[in-house]
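Data block below; observations after.
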Amino acid sequence: MAISSSALSTWPWESLGSFKYILYGPFIAKILYAKNHQEEEESKEAIWCAHILVLCALRYLMYQFWSSYSNMLFLNRNRRIIKEGVDFKQIDKEWNWDNFILLQAAMATFIFYALPSLANLPKWNTTGFIVAILLHVAVSEPLYYFLHKWLHGSYLFTHYHSLHHSSTVPQPFTAGHATLFEHLLLVPVIGIPILGACLVGYGSVILIYAYVLMFDLLRCFGHCNIEIVPHQIFEALPFLRYLLYSPTYHSLHHTEMGTNFCLFMPLFDLLGNTLNNKSWEMHKKMSQDSGKNNGRIPDFVFLAHVVDMTSAMHVPFVFRSFGSMPFSTKIYMLPLLPACFVVMLVMWAKSKTFLLSFYNLRGRLHQTWVVPRFGFQYFLPFAAEGINNQIEQAILRANRLGIKVISLAALNKNEALNGGGTLFVNKHQNLKVRVVHGNTLTAAVILNEIPEDVNEVFLTGATSKLGRAIALYLCRKKVRVLMLTLSTERFQKIQKEAPTEYQKYLVQVTKYQAAQHCKTWIVGKWITPREQSFAPSGAHFHQFVVPPILRFRRDCSYGDLAAMRLPEDVQGLGSCEYTMERGVVHACHAGGVVHSLEGWTHHEVGAIDVDRIDIVWKAALKHGLKPVSSLKKTD
């Protein structure tokens with residue numbers, strides 16, 4: 001019976017989605033059954049199932065650890081071979097990278113029942129390792145080489161192998177990202193050395209674990225996109241370059257596909273005349289450059305901070321898939337909190353900003369740096385000096401590197417902390433890098449969400465930087481602004497900034513009850529459910545408060561934090577900014593982007609220039625940034 005090409009290019013459990021992991025259920029069931037039935041045969045099967053599950057778990061960890069290392073840009077940015085970022089498209093393609101582990105677990109079970117003698121393997125046999133190595137070199141390596149070249153034939157490549165090569169940037173997960181047909185071909189490659197050693201009587205349990213995990217380690221090593229092997233080793237021992245490939249060597253196969261087909265040993269490319277002549281030269285250059293800070297200088301940097309312990313794990317180097325989706329608290333992440341706490345302590349001790357992610361926009365490199373401080377620390381008086389020192393060092397570092405614009409995230413520009421960035425600009429008056437708080441665009445986003453027919457708004461956080469700008473802008477539009485503040489002095493100071501004929505539109509209120517008939521609330525200060533209860537039914541809560549307020553009222557609607565969608569031509573973006581959707585960034589981040597794209601040479605710190613709100617808004621739209629509708633009804 002002929003099998004269609006589609007049958008071998010898709011996985012049989014593809015329609016199950018995440019429920020595919022139920023297929024591990026029979027292994028668990030067999031273990032539990034054997035525990036309650038003390039039969040020798042059942043016990044042997046249960047032990048084998050337990051080994052399979054443990055080995056699968058170790059394989060998952062292997063790929064995850066390598067993926068984490070590959071995405072630790074603060075450690076290896078100078079060692080990256082292909083410089084582009086891993087985007088959402090690649091992450092989605094590789095989402096089910098682990099299908100092959102499930103396949104090989106099923107194949108291992110089939111082999112166990114076909115060869116019952118495997119149940120009696122000893123824990124260790126030294127000869128077995130020697131046999132496995134010989135079979136790997138003599139059989140698996142050349143077999144893989146010929147199968148790999150065969151897959152690069154026109155028909156097979158188009159129908160089966162092109163999926164693997166569709167990933168632009170090699171990653172450890174890319175190693176497993178392939179069709180069913182391709183992984184069926186890989187089964188004998190990985191299985192022959194193990195089965196061979198077992199069939200001649202030299203197999204062992206540790207051999208199975210060691211060979212499979214070493215096979216995975218070398219696959220991850222080749223796909224990690226980080227050059228690790230020092231060129232001095234190959235220069236001192238030239239024959240080693242033919243016995244073990246390097247990440248650079250394998251990356252060349254992804255960029256120049258007619259070369260470097262080997263599994264792990266370039267010797268077979270040499271014998272098959274498919275060795276890329278640039279392999280060693282490129283490897284040496286990558287190795288030499290790894291110690292230099294000669295990477296491309298970004299045009300723009302967004303200086304972010306950590307919000308809380310759980311959101312600290314929403315970074316690409318923890319779980320790439322988790323970081324590629326808007327942040328939400330996941331139960332499966334909670335067991336990692338102790339490890340996160342330890343990392344937090346290390347970060348505090350290190351006290352240095354680090355590179356988190358990057359993307360390209362209009363040929364300009366944009367990076368996100370992170371101040372290793374959690375949100376609650378910004379409200380501790382004794383921590384203020386240390387935080388400001390870190391922000392200052394990041395600004396000075398950006399200045400030394402020749403970065404043009406650095407934009408400060410929410411708490412990094414807190415008015416009470418550093419006056420919205422004025423502290424650094426006043427202290428270092430010869431800065432070439434432009435320091436930007438981005439609040440002008442934040443104000444513009446909030447103001448452009450307010451319907452034109454609104455004639456009255458209620459404003460909390462009214463005397464803050466954003467609150468002041470919003471109030472002054474709206475009063476010029478003849479919108480009555482109920483400004484919630486207990487400080488008459490601060491209110492009057494803002495009122496006097498408005499043109500005389502518009503000052504009457506600014507009204508001081510001291511209680512939430514004053515807004516019980518106002519359906520447009522602009523929240524700049526966190527409000528409790530009780531305080532929200534004073535809003536009339538059908539009210540909408542616009543907000544620029546961090547963290548966002550609780551969506552308590554079912555009869556009202558709530559806006560998200562001010563945000564904008566980046567232009568569609570952004571490249572290499574593969575992580576979400578906190579709770580924002582893919583491709584969406586906070587308005588203060590977008591404000592820095594616009595500042596960079598426009599080439600403005602002024603600092604944007606301190607009080608918001610109300611006259612520039614419309615200018616910044618039009619510039620953002622001109623460059624393809626789009627406002628994100630925040631009118632979401634609660635369920």
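Residues 1 to 635 in the UniProt record's numbering are what the sequence shown spells out, letter by letter.
All C-beta atoms in this analysis are idealised placements derived from N, C-alpha and C, irrespective of residue type, glycine included.
Pair within 8 Å by beta-carbon distance, residue i and residue j
i           : j           : result
residue 563 : residue 595 : no
residue 401 : residue 297 : yes
residue 617 : residue 448 : yes
residue 409 : residue 263 : no
residue 225 : residue 171 : yes
residue 174 : residue 223 : yes
residue 334 : residue 620 : no
residue 544 : residue 446 : yes
residue 194 : residue 207 : yes
residue 534 : residue 508 : no
residue 282 : residue 259 : no
residue 407 : residue 370 : no
Alpha helix (DSSP H) segment containing residue i, residue limits
i           : result
residue 91  : 88-93
residue 211 : 205-223
residue 429 : That residue, residue 429, is in no alpha helix (DSSP H); it is neither H nor E in DSSP.
residue 400 : 384-401
residue 134 : 126-135
residue 532 : 529-532
residue 64  : 40-70
residue 495 : 488-497
residue 445 : 439-449
residue 146 : 141-151
residue 320 : 320-323
residue 476 : 465-476
Environment of residue i [buried if 16+ CB atoms lie within 10 Å]
i           : result
residue 610 : buried
residue 14  : exposed
residue 80  : buried
residue 453 : exposed
residue 7   : exposed
residue 71  : buried
residue 505 : buried
residue 363 : exposed
residue 182 : buried
residue 373 : buried
residue 426 : exposed
residue 332 : exposed
residue 444 : buried
residue 338 : exposed
residue 634 : Residue placement at residue 634 is flagged as unreliable, the pLDDT there being 35, under the threshold of 50; the coordinate-derived value follows with that caveat. Exposed is the call here.
residue 3   : Because the pLDDT of residue 3 is 41, which lies under 50, any placement of that residue in the model is unreliable, and the question is left without a value.
residue 130 : exposed
residue 133 : exposed
residue 472 : buried
Cα-Cα separation between residue i and residue j, rounded to whole angstroms
i           : j           : result
residue 630 : residue 557 : Caution is warranted here: a pLDDT of 44 is assigned to residue 630, below 50, making its placement in the model unreliable, and no coordinate value can be reported.
residue 626 : residue 78  : 33 Å
residue 379 : residue 546 : 12 Å
residue 368 : residue 584 : 14 Å
residue 343 : residue 336 : 11 Å
residue 624 : residue 23  : 46 Å
residue 375 : residue 312 : 10 Å
residue 20  : residue 511 : 55 Å
residue 644 : residue 160 : For the chain, the structure presents residues 1 to 635; residue 644 sits outside this window and is missing.
residue 555 : residue 458 : 18 Å
residue 196 : residue 103 : 20 Å
residue 141 : residue 164 : 19 Å
residue 244 : residue 212 : 17 Å
residue 73  : residue 330 : 25 Å
residue 218 : residue 314 : 28 Å
residue 155 : residue 257 : 15 Å
Residue range of the beta strand (DSSP E) that includes residue i
i           : result
residue 360 : 354-361
residue 300 : 300-305
residue 364 : 364-371
residue 555 : Careful: residue 555 lies outside any beta strand (DSSP E) and carries neither H nor E.
residue 520 : 520-523
Residue i CB to nearest heavy atom of the ligand SAM below 7 Å
i           : result
residue 423 : In terms of ligand content, the structure shown is empty, and the ligand SAM therefore cannot be addressed.
*Stretch pair the segment 40-47 + the segment 82-96: three plus CB contacts closer than 8 Å*: No, because fewer than three Cβ pairs between the segment 40-47 and the segment 82-96 fall closer than 8 Å, the two stretches do not touch.
*Are the segment 591-607 and the segment 418-430 touching, with three or more C-beta to C-beta distances below 8 Å?*
Verdict: yes, contact present.
*Do three or more CB pairs link the segment 563-581 to the segment 344-363 at distances below 8 Å?*
The segment 563-581 makes contact with the segment 344-363, as at least three CB pairs between them are under 8 Å.
*Spell out a yes or no on whether the segment 546-553 and the segment 518-529 are touching, meaning 3 or more CB-CB pairs, one atom from each, closer than 8 Å.*
Contact between the segment 546-553 and the segment 518-529 is present, because at least three Cβ pairs lie under 8 Å.
_Touching by the beta-carbon criterion (3+ pairs, under 8 Å), the segment 102-119 and the segment 388-395_ = Counting Cβ pairs under 8 Å, fewer than three are found: no touch.
*asked:* Measuring CB atoms only, is the segment 95-110 touching the segment 176-195, in the sense that at least three cross pairs come out at less than 8 Å?
replied: The segment 95-110 is in contact with the segment 176-195.
*Evaluate the contact criterion for the segment 200-217 versus the segment 117-132: three or more CB pairs, one atom per stretch, below 8 Å.*
These segments touch.
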